[in-house]
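Asks: What follows is a structure written as structure tokens; I'll ask about it next.
In my numbering, the protein residues as written are 576 to 1093.
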């Protein structure tokens, strides 16, 4: 490692250092979002004075842009502050999951799992395994961007690699590859439902889209993007961390886990029994889900496209971490009495105090941005611009990818963005002879890669908290600079995969082609 640390900085290092320095000159995240809040408030008020409205395809009436500094806006600001904070969507997910993950970490379960699992694994495998797992981690929905990075940091550190490389790589793979997975996820069901609803208004809506309509495209993308993520972590991210002298030790190492790979007999016994507890818990949940007329089923007795089971991802993850952690802790002595469980949870929650403060301001900003309807105005205006350019065939899809990538900087929710864009582009592409399932696949390319570099992604704030355990001086610019090496290669490779499918006229999934009627 000393040779790597001593190496001269590359041209890429200098470019990324410039981006990092420029980005870190921005105000602290709390103040930054406070300033953005004021910008949205002033801009929305000015636009509302001119009576600007936006017609969202599928809606009968135009949606006006509402001003923050109007009577209606001031009422929203004064009455909604607490609700905007408590109702901030990532807050409930982050806090709930971190209670269980923190319990699993502080009981010693996670450390034991990591030490036991990588004992004989070659170090070079880790970045590629992380990339493949991360790209397909969207099966856990947004939780993947909370759970995977700190676990990857522990794995890298235990193997003698840079833990920050695991942090960044885990977040980048899970976030930049969010729209794809080697397994079918709830996002596939959600996207297909939106696509069908929009296409249904057409005389010839094309082939009905189902959750596996993009499976071939997703599987190929997940494998190739996962391997690319491994290359980027191994060849660019980690070497740069060593070269630039980023510390690899946790600041304030409270209860620092041992990195010794050997397991004590008590730890092995704890792992066995906690694994059995996990299997029993999973079996009970499965039994409940499959039970006739189960409350976890939808009204049709199934699970797709929506069901209480799919809406319970956070709860299932909480149980999946908490139950084995308690069993493990009881066997190895880290949980000696019932009162130890809330104490360990409280210790984990204390580390989230910085995120909770930032979530307050971020919640106000996002709530105001959505309330003013500026997001809808930007999305529909961008779609109108693309249509006005009269693009056709491949250039149209390429422009669609670029537009989705740009809008993804402002509208992080993939389902919300697809709802807005599908209403315009699915009918447009069907009318020129392309399947709704193909438009949906093209959207996936632009939907994910750029979200890991925008401060509007609330999970970047969570990541910043993790990184500051190693680098107290890290800022938004630090994260943007370290995500950039993922964004461009991911986008280009994903676009190349789509290009191959397009020109080779390959099926995107079972029964789903590219051209209508083929």
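Cβ atoms here follow ideal geometry from the backbone N, Cα and C, with glycine treated the same way.
(1) For residue 836, which of helix, strand or coil comes out of DSSP?
(2) Any chance the region 749-765 sits against the region 702-720, with 3 or more Cβ pairs inside 8 angstroms?
(3) Answer yes if the region 1075-1085 comes into contact with the region 787-795, meaning at least three C-beta pairs across the two stretches below 8 angstroms, and no otherwise.
(4) Are the Cβ atoms of residue 1001 and residue 1027 separated by less than 9 angstroms?
(5) In this structure, what does DSSP give as the bridge partners for residue 909?
(6) Determine the contact status of residue 1017 and residue 779, defining contact as a CB-CB distance below 9 angstroms.
(7) Tell me the DSSP bridge mates of residue 845?
(8) Could you give the distance in angstroms between the alpha-carbon of residue 766 and the alpha-carbon of residue 782?
(9) Report yes if the CB atom of residue 1060 is closer than 9 angstroms to the CB atom of residue 663, and no otherwise.
(10) What number of angstroms, rounded off, separates the C-alpha of residue 698 from the C-alpha of residue 705?
(11) Is residue 605 helix, strand or coil by DSSP?
(12) For the alpha helix (DSSP H) containing residue 915, list its first residue and its last residue.
(13) By Cβ distance below 6 angstroms, which residues in the same chain neighbour residue 687 in space, the five residues on each side in sequence not counted?
(14) Below 9 angstroms between beta carbons: does that hold for residue 801 and residue 710?
(15) Could you pull the start and end residues of the alpha helix (DSSP H) that residue 1016 belongs to?
(16) Do you know how far the Cα of residue 651 is from the Cα of residue 661?
(17) For a test of the three-state rule: what should DSSP assign to residue 639, helix, strand or coil?
(18) Measuring alpha carbon to alpha carbon, tell me which of 1084, 1050 and 1089 ends up nearest residue 790.
(19) Among the residues of its own chain, which have a CB less than 8 angstroms from the CB of residue 1015, if the five just before and after it don't count?
(20) On a Cα-Cα basis, can you pick out the residue from 972, 970, 1021 and 929 that is closest to residue 603?
(21) Quick one: grab the DSSP three-state call for residue 1148.
(22) Find the nearest neighbour of residue 887 within the set 901, 897 and 871, judged by alpha-carbon distance.
(23) List the endpoints of the continuous alpha helix (DSSP H) containing residue 808.
(24) At what residues does the alpha helix (DSSP H) containing residue 708 begin and finish?
(25) What does the Cβ neighbour count give for residue 1007, buried or exposed, with the cut at 16 atoms within 10 Å?
(26) Note the first and the last residue of the continuous alpha helix (DSSP H) segment covering residue 738.
(27) How far does the alpha helix (DSSP H) with residue 1045 in it reach, from first residue to last?
(28) Can you tell me which of the three DSSP states residue 882 falls into?
(29) Under 8 angstroms: do the region 800-816 and the region 854-872 share three or more Cβ pairs, one atom per stretch?
(30) Consult DSSP for residue 718 and reduce its assignment to one of helix, strand or coil.
(31) List the residues that DSSP assigns as beta-bridge partners of residue 1087.
(32) How many angstroms separate the CA atom of residue 892 from the CA atom of residue 877?
(33) In whole angstroms, give me the CA-to-CA distance for residue 1052 and residue 862.
(34) Assuming residue 899 contacts residue 852 under a Cβ cut-off of 8 angstroms, what Cβ separation, rounded to an integer in Å, is found between them?
(35) Ordered along the chain, which non-local residues of its own chain (more than five positions away) have a Cβ less than 6 angstroms from that of residue 679?
(36) Spatial neighbours of residue 1126 within its chain, please: C-beta separation below 7 angstroms, excluding the five flanking residues on both sides.
Replies: Reading it off the structure:
(1) Low confidence applies here, because residue 836 scores a pLDDT of 49, under 50, leaving its location unreliable and the question unanswered by this model.
(2) The region 749-765 is in contact with the region 702-720.
(3) Judged by pairs of C-beta atoms under 8 angstroms, the region 787-795 touches the region 1075-1085, as three or more such pairs exist.
(4) Residue 1001 is not a Cβ neighbour of residue 1027, given a cutoff of 9 angstroms.
(5) Paired residue(s): none; residue 909 is not in a bridge.
(6) No, the pair does not count as a contact, with Cβ atoms beyond the cut-off.
(7) Under DSSP, residue 845 shares a beta bridge with no residue.
(8) Straight through space, the alpha carbons of residue 782 and residue 766 are spaced by roughly 15 angstroms.
(9) Taking 9 angstroms as the Cβ cut-off, residue 1060 and residue 663 do not qualify as a contacting pair.
(10) In a straight line, the C-alpha of residue 698 is about 12 angstroms away from that of residue 705.
(11) If DSSP states are grouped into helix, strand and coil, residue 605 belongs with the helices.
(12) Per DSSP, residue 915 is one residue of the alpha helix (DSSP H) stretching across 915-925.
(13) Cβ neighbours of residue 687 within its own chain (closer than 6 angstroms, five residues either side excluded): 842 and 846.
(14) Yes.
(15) Looking at the DSSP string, the run of the alpha helix (DSSP H) that includes residue 1016 is 1011-1023.
(16) Taking the straight line joining both Cα atoms gives about 15 angstroms.
(17) Here residue 639 sits in strand by DSSP.
(18) Comparing Cα-Cα distances from residue 790 to each of 1084, 1050 and 1089, the minimum goes to 1084.
(19) So the qualifying residues of the chain are 766, 767, 770, 784, 788, 789, 993, 997 and 1001.
(20) When each option's Cα is compared against that of residue 603, the closest is 929.
(21) Nothing can be reported for residue 1148: it is not among the residues displayed for the chain, which extend from 576 to 1093.
(22) Looking only at 901, 897 and 871, the smallest Cα-Cα distance to residue 887 is reached by 871.
(23) Membership of residue 808 in any alpha helix (DSSP H) is not indicated, and neither H nor E is assigned to it by DSSP.
(24) Segment 700-710, the alpha helix (DSSP H) holding residue 708.
(25) It counts as exposed.
(26) For residue 738, the enclosing alpha helix (DSSP H) stretches over residues 738-751.
(27) Element bounds for residue 1045: n/a, residue is neither H nor E.
(28) DSSP, read as helix, strand or coil, puts residue 882 in coil.
(29) With the cut-off at 8 angstroms, the region 800-816 and the region 854-872 do not touch.
(30) When secondary structure is reduced to three states using DSSP, residue 718 falls in the helix class.
(31) Paired residue(s): 1084.
(32) Separation of residue 892 and residue 877 (C-alpha to C-alpha, rounded to the nearest whole angstrom) is 21 angstroms.
(33) Between the C-alpha atoms of residue 1052 and residue 862 there is a straight-line separation of about 48 angstroms.
(34) Right, their Cβ atoms sit about 5 angstroms apart.
(35) Around residue 679, the same chain offers 685, 896 and 900 as residues with beta carbons nearer than 6 angstroms, after the five sequence neighbours per side are excluded.
(36) Because the chain here runs from 576 to 1093, residue 1126 falls outside it and cannot be looked at.
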